[in-house]
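Note that our numbering numbers the sequence shown so that position 69 is 117, with each residue one more than the last.
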Amino acid sequence: MEAAPSARWKKRHGHRCRWGVVLGRENKKLWVVAGPSIFTRFSSFGVTVISQAFIGHIGATELAAYALVSTVLMRFSNGILLGMASALETLCGQSYGAKQYHMLGIYLQRSWIILFLCSVVLLPVYIFTEPMLVALGQDPKISAVAGTISLWYIPVMFSYVWSFTLQMYLQAQSKNMIITYLAMLNLALHVSLSWLMTVKFQLGLAGVMGSMVIAMWIPVFGQLAFVFFGGCPLTWTGFSSAAFTDLGAIIKLSLSSGVMLCLELWYNTILVLLTGYMQNAEVALDALSICININGWEMMISVGFLAATGWRVANELGAGSARKAKFAIYNVVLTSSLIGFVLFVFFLVFRGSLAYIFTESGEVAAAVADLSPLLAFSILVEQCSTSAIRCGCWCWLANCSCLCQRYIILLDWHSSWRSPRLCCGISS
49 MEAAPSARWK KRHGHRCRWG VVLGRENKKL WVVAGPSIFT RFSSFGVTVI SQAFIGHIGA
109 TELAAYALVS TVLMRFSNGI LLGMASALET LCGQSYGAKQ YHMLGIYLQR SWIILFLCSV
169 VLLPVYIFTE PMLVALGQDP KISAVAGTIS LWYIPVMFSY VWSFTLQMYL QAQSKNMIIT
229 YLAMLNLALH VSLSWLMTVK FQLGLAGVMG SMVIAMWIPV FGQLAFVFFG GCPLTWTGFS
289 SAAFTDLGAI IKLSLSSGVM LCLELWYNTI LVLLTGYMQN AEVALDALSI CININGWEMM
349 ISVGFLAATG WRVANELGAG SARKAKFAIY NVVLTSSLIG FVLFVFFLVF RGSLAYIFTE
409 SGEVAAAVAD LSPLLAFSIL VEQCSTSAIR CGCWCWLANC SCLCQRYIIL LDWHSSWRSP
469 RLCCGISS
């Protein structure tokens, strides 16, 4: 008589228990890649944010100039380089899932060629930064300092050629710990060197930028050494002449998959350029750049989930399991949305004290506090949408959304609504 209720209970709750087991397994697979990926990108972008914090305590003009270079020039070039590198993630994931291991090394070399050529084409933007910004109507004093900072960014830009591609190549093989260890070393060294050069030796702007260049290249050399000296025996068999073939197909795939990412990164470029036309440009640029960099730091979580989901989906599709790929997308959307809500609450609670990490100016801090609710809302929406639509679901809808946001900026600017509050609010 007691067996019947037990059987009914198992029938009623067994399905739910199985779903719990499946969800747990999927989360384990997700976080094996997402955890190191988020931490690595968090640390890499943290170099930019930490540099901003040190420069912000040097002076308001230097902070505004750094905002122009890091947000306008670097996001412009990053949009192109990361967009062109995005095809490698898909190609490596599918090849690894299909057990075509030798193709990963060839795809990696093809990406190096394409991204290096893109970087050479972008060089004039960094060399002629000052006259370009003046021609765009930016403050001449800020533009002069930005011209100096942009020259320091040239080696940083070339480091991205290897950094972006090596991370995607290693993540496709679940070799994430080497990336994480190098990211930890990178961040710790940058903080130490920046403090030493700016506080101890009083080198100012040159000290911070020199520390940034060193910090950006350390992970690149470490990852190259890992790949070349036996860390990837299945996928790296040496340099091959096959890397110079089928470059057109890689470029075509890179362009199609990178358009949306370019729009997302270039959007902040437009915001900063428009803010530079305001009367109190220094305060406006400082406040907006702080909000954008906080938002960018948070976006590294979304990009980390994006990379992990891209790897999971590509592996499952390569293995011929479309249903598991679909379930992986649902899981990452839920997880990313929950994290977005936690961050939303955090930025609302600490809105009054965040800015003092980056500046000593009370006026700038007040402007950042005023923008914080809109920043928090932007973070919430971005966490929910980035992992969902940008994992490959309805990409046309995401592209249209990005384009609509850009048109709204132009319409509102034409209407003379020049408040930075509006600019930050539209970002959501």
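Glycine included, each C-beta is placed from N, C-alpha and C at the ideal position.
Excluding the five sequence neighbours on either side, which residues of its own chain have a C-beta within less than 8 Å of the C-beta of residue i, listed in chain order?
{"i": "C213", "result": "Note on residue identity: the sequence assigns Thr, not Cys, to residue 213. Here the set comprises A133, L136, L156, S159, W160 and L163."}
{"i": "V117", "result": "T177, A194, I197, S198 and Y201"}
{"i": "V204", "result": "M122, M260, V261 and M264"}
{"i": "F276", "result": "W284"}
{"i": "W210", "result": "W160, V268, Q271 and L272"}
{"i": "A236", "result": "none"}
Go ahead and pull the three-state DSSP assignment for residue i.
{"i": "K223", "result": "coil"}
{"i": "H105", "result": "coil"}
{"i": "F176", "result": "coil"}
{"i": "Y208", "result": "helix"}
{"i": "C280", "result": "coil"}
{"i": "Q148", "result": "coil"}
{"i": "F249", "result": "coil"}
{"i": "S409", "result": "coil"}
{"i": "D334", "result": "helix"}
{"i": "T213", "result": "helix"}
{"i": "G286", "result": "coil"}
{"i": "N328", "result": "coil"}
{"i": "Q100", "result": "helix"}
{"i": "D187", "result": "coil"}
{"i": "G344", "result": "helix"}
{"i": "D294", "result": "coil"}
{"i": "A167", "result": "Inspection of the sequence shows that residue 167 is occupied by Ser rather than by Ala. Three-state DSSP puts S167 in a helix."}
{"i": "S85", "result": "helix"}
{"i": "S198", "result": "helix"}
{"i": "S240", "result": "helix"}
{"i": "C439", "result": "Per-residue confidence for C439 stands at a pLDDT of 49, beneath the threshold of 50, marking its modelled position as unreliable; the derived number appears in the next sentence. Of the three classes helix, strand and coil, the one that applies to C439 here is coil, per DSSP."}
{"i": "S159", "result": "helix"}
{"i": "S401", "result": "coil"}
Quick check on the DSSP output: the alpha helix (DSSP H) that includes residue i runs from which residue to which?
{"i": "R123", "result": "M122 to G145"}
{"i": "Q271", "result": "L253 to F274"}
{"i": "K374", "result": "A370 to V397"}
Near residue i, which residues of its chain fall below 7 Å by C-beta distance, leaving aside the five closest residues on each side in sequence?
{"i": "V412", "result": "V331, D334, A335 and A403"}
{"i": "C140", "result": "L152, Y155, M216, Y217 and A220"}
{"i": "V351", "result": "R89"}
{"i": "L233", "result": "I266"}
{"i": "V416", "result": "A335, I338, C339, L402 and A403"}
{"i": "S222", "result": "V80 and V81"}
{"i": "F287", "result": "Q157"}
{"i": "L295", "result": "R158, I161 and I162"}
{"i": "A290", "result": "I154"}
Taking residue i as the reference, give the member of the options with the closest Cα.
{"i": "G107", "options": "L419, F406, K248 and F425", "result": "F406"}
{"i": "M225", "options": "K374, V81, F392 and R371", "result": "V81"}
{"i": "S191", "options": "Y174, V204 and F206", "result": "Y174"}
{"i": "I318", "options": "A115, L272, A373 and I377", "result": "A115"}
{"i": "Q100", "options": "S289, A414, G255 and I427", "result": "G255"}
{"i": "P188", "options": "A112, K223 and H150", "result": "A112"}
{"i": "Y149", "options": "L386, G410 and P281", "result": "P281"}
{"i": "L78", "options": "A376, I262, F206 and V169", "result": "A376"}
{"i": "L121", "options": "G104, T138 and L171", "result": "L171"}
{"i": "S409", "options": "C166, S426, G104 and L181", "result": "G104"}
{"i": "Y378", "options": "L301, A414 and F353", "result": "F353"}
{"i": "S167", "options": "Y144, L71, L129 and V247", "result": "L129"}
{"i": "G258", "options": "F102, T293, E364 and P421", "result": "F102"}
{"i": "I299", "options": "P84, S85, T357 and L165", "result": "L165"}
{"i": "K76", "options": "S426, F425 and A356", "result": "A356"}
{"i": "L301", "options": "T138, G278, L386 and A414", "result": "T138"}
{"i": "L391", "options": "L244, A370 and W345", "result": "W345"}
{"i": "F206", "options": "A236, R73 and N126", "result": "N126"}
{"i": "E74", "options": "V393, A373, P421 and S385", "result": "A373"}
{"i": "S385", "options": "P421, F425 and K248", "result": "F425"}
Pop quiz: residue i and residue j are said to be a contact at Cβ under 8 Å. What is the actual Cβ separation, rounded to whole angstroms?
{"i": "T96", "j": "N341", "result": "7 Å"}
{"i": "L423", "j": "F398", "result": "Between F398 and L423 the Cβ distance is about 11 Å, and since that is not below 8 Å, they are no contact."}
{"i": "V239", "j": "I98", "result": "6 Å"}
{"i": "L419", "j": "G388", "result": "With 8 Å as the limit, L419 and G388 do not qualify as a contact, their Cβ atoms being about 18 Å apart."}
{"i": "F124", "j": "T228", "result": "About 29 Å; that fails the 8 Å criterion."}
Going by the C-beta, is residue i closer than 6 Å to any heavy atom of the ligand ADP?
{"i": "R123", "result": "The ligand ADP is absent from the structure shown, which contains no ligand whatsoever."}
Can you find the residues in the same chain that come closer than 6 Å, C-beta to C-beta, to residue i, ignoring five residues on each side of it along the sequence?
{"i": "M348", "result": "R89, F90 and F93"}
{"i": "R360", "result": "A376"}
{"i": "Y208", "result": "L129"}
{"i": "R454", "result": "At R454, the pLDDT of 44 sits below 50, so the modelled position is not reliable; the number obtained from the coordinates is stated separately. Nothing listed; no residue qualifies."}
{"i": "I270", "result": "Looking at the sequence shown, residue 270 is not Ile but Gly. Only L230 meet the Cβ criterion."}
{"i": "C452", "result": "Here the model assigns C452 a pLDDT of 47, short of 50, so the residue's position is not dependable, and the following value carries that caveat. Result list for C452: empty, nothing under 6 Å."}
{"i": "W444", "result": "Residue placement at W444 is poorly supported in this model, since its pLDDT is 46, which falls under 50; the coordinates are not used for a value here."}
{"i": "L241", "result": "S259"}
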